[in-house]
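Enquirer:
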Amino acid sequence: MKVIGQYGTDGEYHAYTEPQDVYLFGNSLRDRDGFVLAVKDSYGDWVSPTLHRIGVKSKIKIET
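Every position in the sequence shown, counted from 1, becomes a number in my numbering once 767 is added.
Okay, here's the thing in structure tokens:
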């Protein structure tokens, strides 16, 4: 599974420079060092963990 980009708060998609390999760990997607790149919100979407903590939804695009 890879994280390939993120939607901004304005809904515009921004691709990452290169895809990041991630691993499912509970309700989070983490890189091989354990850094959380996405969390699942109450709607079942993968979102930015930093923005989620302050109440802003920014979806993360996942490639399986």
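Built from N, CA and C at the ideal position, the CB exists for glycine as well.
The beta strand (DSSP E) spanning Arg797 covers which residue range?
Expert: Note, Arg797: beta strand (DSSP E), 795-797.
Enquirer: With a Cβ-Cβ cutoff of 8 Å, do Ala805 and Ile827 count as a contact?
Expert: The answer is yes: Cβ separation under 8 Å.
Enquirer: What does DSSP give as the partner residues of Lys807 in its beta bridges?
Expert: In DSSP, Lys807 forms a bridge with Trp813.
Enquirer: Out of curiosity, what's the CA-to-CA distance linking Met768 and Pro816?
Expert: Using only the alpha carbons, I get a separation of about 18 Å.
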